[in-house]
Amino acid sequence: MRNIQESKLTSARSGAELLIDCLLAEQVDTIFGYPGGAVIPIYDALYDCREIRHILTRHEQAAVHAADGYARVTGKAGVALVTSGPDATNAVTGIANAYMDSVPMVVLTGQVSTDLIGRDSFQEVNIFGMTMDVTKHNYSVMDIRELPRIIKEAFHLAVTGRPGPVLIDLPKNIMTAQTNLSPAAEIHIRGYVPSTQIDEEAVRLIASKIESSERPVLVVGGGAVASGAAEPLFQLVETAQIPVATTLMGIGAFPARHPLYLGMLGMHGTYAANRAVHHADLLICLGTRLNDRLSGKAKSFAPHAWKIHVDIDDAELDKNILVDLGLCGDIGDLLRKLNACAIPPKSTRWAEETAGWQRKVPHYNESVAPGSLNPQEVIRLIDKHTQGHAVVATDVGQHQIWTAHHYQFSRPRSFLTSGGLGTMGFGFPAAIGAAIALEGPSAPPIVCITGDGSFQMNLQEMMTAVDYGLPIKIAILNNGYLGMVRQWQQLFYERRYSSVHLTSPDFVAFAGAYGVPGLRAQTPEEADAVIRQALTHPGPVLMEFNVREEQNVYPMVPPGASNDQMLTGEDEK
C-alpha cells in the first residue's frame, strides 16, 4: 500500500487509462499483442495514445516472442498484451522462453472481472498460478489502488538483478473502474536488493590467479551480454591474452573474428573451445548457468582447472558445477576492476596452441555433387554478404548450431536464439520484434535463419511482417526432416527414423500469397545470388535453400560423455 499515498491525484479516468499512463512513465514505446474481450478497455485506451505503438501479431505466442526479440536487442523490457483464457495460455511458452534465457519482459494478461474469478467463467484461467514457475514474479491486480505500485515494481524487477519476465493479470472491472490516481514516483520492494558489487579482495585474488596460470580460459555467457560487459571483456582479453569460449547465449559478447575467440563450448561446441576448457588450469566463467548442455559429464568438466564462477544470481553458484570461487555480482563491475589491476599479458604459447585447434572443426563435407548445397555454406554466404553485422534470429535445431558456428558475430545483442527452453517457432517473431526495435535508416540487416520444421510453427506471422513493412530476410534451410531429432536417431537409434520426415508447402508460393518475394536455391552459386538479391530488397523476403538431407551437426558430445569425447563426423560411418 506504500505507493498509493505516493501516487499523485489527478482527474478521474479509467483503470485502463491509468495503466497507459503508468506504461508511459516507464518509457514504454511499443506493445506487442492481440486483443480480446477482457482487454477491450485497455485497447480502447490505447486508441487515443500516440506515444505507444501497438504491433498486432497473428498469434499470442508470437506476440511474446516478438517482445522477447525487442528486449534482446535493446536491453529494455519488452511488453506484451493478451486477453484472458486461451490467449493467456498461448503466451505461456513465450514467457517460459524468456524466463529460461533471462530476458526482461512485462506481460499484461486480461482477466475476467474479480466477482467472476473462480467460477469457471468464460475465458477464465488461473494464469497467475499457471505461470508462477516461469516468471521472475507475477501479480494479480485486485484493487485499482495497487495498480501504480505494481506497474512500477514489475518494470524494476524485470530489468534489475537477473533479468526476467514479470506477469501482471488485469481483471476487466479493475480496468473499467474510475480512479484519480497517477503513476507511482518511487519504489521500495522489501527484501529485493540485487547484489552488483564485487569485493576488492576477490578481484585481487582473481588477478593473481590469472597472473600465475599457464592455461587460462574465459567462459562467457549471456550474463555478460545482459550486463553490457562487452567493452571491458575485450579490454581484459586483449591485455592479458586469454582465450575466450562462449556459451550459446554468450555469442556476440566477444567478436568471433578475433584470434583469441575459440567458439562455442558444450555439446555442440567447437573442438578448440571444448579442448581448451578440458586442459585449462584456470577457468573463469562469467554469467553462465553451466548447465548440462554446456558442461557435459559434470565430474569431468575442466578437471585440471581452478574454477571461478561469477553470476548476478547466487542461486546459480555451485548448482551444476562445484567451483573453487563463486561470486555473486555484476560481470561488468568485475571486469572493470580487473582491468584496473593492469594484469600483465600471458605468454602467447597457450593462445597459439588453442588457435591451432580451431581450424580442425566445425567439420562438414564440401559440396561434391552438382546441385548439392550444404546448409553451412548458406550461413557462410549470409555472413559474407552482411560482414557479420546483421542481427540474426534462429529457431531451434541443426540450423541454430550451424549459425552459432558459421556466422561470425561481431557485437553483442545480435544473436537472438532460444537457448534454455529450445523453442521451435521463436526465430521469426523474435526477428519481428528486433526489426520493430531497430527500424530506421541506420538499422542493421535483420535475418531469420530457420528450418522447414521450425518455420511452420509461426509462419502466420508473415502477415505481421508485411503489414509493418519489416525488412526481415528469412532463410529456410529445407532438408525435409526434423533434422536434430533425425541426427540422434541416425547416430544412437540405428537410423530408425520415426516421425521425423517432414513435408512442407511450396515456400516460394506461400511467400507470394502474402505479396512477399520468394526465392529458391539449391547450389552454392544460386545461394550466393539469392542472398545478394534479398539483401537489396527493402521489405521482407523469403529464401528457401534446398540443402542436403542428412547433413549432421558436428562436433557433438554423445550423451553421458565428457566434452573431450567429441564426435567430429570423421567416424560417422
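Numbering (full-length UniProt numbering), first residue to last: 1 to 573.
Where is the CB? At the ideal position from N, CA and C, for every residue including glycine.
Source: prediction; values computed, not measured.
When you compare only the Cα positions, how much space is there between residue i and residue j?
i: A202; j: Y468; result: 50 Å
i: T89; j: S121; result: 15 Å
i: T568; j: N374; result: 17 Å
i: N138; j: D169; result: 8 Å
i: A355; j: P412; result: 22 Å
i: S562; j: I321; result: 13 Å
i: V557; j: M264; result: 13 Å
i: V244; j: A302; result: 14 Å
i: H59; j: A91; result: 9 Å
i: N339; j: A390; result: 30 Å
i: G453; j: Y481; result: 7 Å
i: T239; j: P232; result: 10 Å
i: L24; j: G85; result: 27 Å
i: R486; j: I144; result: 53 Å
i: L167; j: A177; result: 21 Å
i: V530; j: K209; result: 51 Å
i: I40; j: V447; result: 34 Å
i: I151; j: A280; result: 46 Å
i: G332; j: G223; result: 9 Å
i: A435; j: A63; result: 14 Å
i: A521; j: A527; result: 5 Å
i: A342; j: F254; result: 20 Å
i: I55; j: L108; result: 14 Å
i: E544; j: T57; result: 23 Å
i: Q398; j: G560; result: 20 Å
i: E377; j: V547; result: 10 Å
i: I189; j: L157; result: 9 Å
i: G422; j: R13; result: 43 Å
i: H278; j: L262; result: 13 Å
i: V104; j: A98; result: The residue asked about is misnamed: residue 104 is Pro in this sequence, not Val. Spanning the two alpha carbons is a distance of roughly 7 Å.
On a CA-only basis, which of the options is nearest residue i? Give me that one, please.
i: E214; options: Y261, V553 and L283; result: L283
i: I42; options: G15, R50 and L56; result: G15
i: I251; options: D133, Q408 and L325; result: Q408
i: C22; options: G37, F155 and L116; result: F155
i: G451; options: G483, G440 and P445; result: G483
i: W402; options: R53, L477, Q178 and R289; result: L477
i: D395; options: V134, G329, Y261 and G419; result: G419
i: A38; options: K172, P429, S300 and E526; result: K172
i: L236; options: V220, N180, Q398 and A226; result: V220
i: G427; options: T417, R275, S11 and S442; result: T417
i: Q489; options: G266, C328 and E550; result: E550
i: A184; options: P555, A207, Q123 and E153; result: E153
i: K473; options: G512, G422, A534 and S498; result: A534
i: P538; options: A12, A443 and K307; result: A443
i: E186; options: R149, S195 and M175; result: R149
i: S102; options: S499, A66, V134 and K337; result: V134
i: T93; options: N126, R119, V112 and T131; result: T131
i: D330; options: P163, P429, L438 and H188; result: P163
Thinking residue i and residue j are a contact (beta carbons under 8 Å), I'd like their distance in whole angstroms, please.
i: D68; j: G78; result: 6 Å
i: L335; j: A229; result: 5 Å
i: W350; j: Y271; result: The Cβ separation is near 16 Å, so there is no contact.
i: Y34; j: D87; result: 6 Å
i: N291; j: D564; result: N291 to D564, Cβ: 18 Å. No contact.
Using a beta-carbon distance below 9 Å, is residue i in contact with chain C?
i: H399; result: Among the chains in the structure shown there is no chain C, since it carries only a single protein chain.
Tell me the DSSP secondary structure of residue i in three-state form.
i: Y47; result: helix
i: K346; result: coil
i: Q27; result: coil
i: H156; result: helix
i: T417; result: coil
i: L502; result: coil
i: G451; result: strand
i: D169; result: strand
i: I151; result: helix
i: G33; result: strand
i: L477; result: strand
i: A390; result: coil
i: R13; result: strand
i: I55; result: strand
i: I198; result: coil
i: I40; result: helix
i: I446; result: strand
i: T179; result: strand
i: I472; result: strand
i: F426; result: coil
Can we count residue i as close to the ligand ZN, meaning its CB is less than 8 Å from some heavy atom?
i: A25; result: Looking at this structure, you won't find the ligand ZN or any other ligand, since it has none at all.
Open item on the list: If we require 3 or more residues per run, which beta strand (DSSP E) segments fall completely within the UniProt domain "Thiamine pyrophosphate enzyme central" (206–338)?
Closed with: 216–220, 244–246, 261–264, 282–286, 306–311 and 325–328
Task: Runs of beta strand (DSSP E) lying entirely within the segment 504–573, each at least 3 residues, in chain order - done: 518–521 and 541–546
- [ ] Taking only runs that begin and end inside the segment 66–141, name each unbroken beta strand (DSSP E) of 3 or more residues, in chain order.
- [x] Taken in chain order, the complete beta strand (DSSP E) segments of 3 or more residues contained in the segment 66–141 are 78–82, 105–111 and 137–140.
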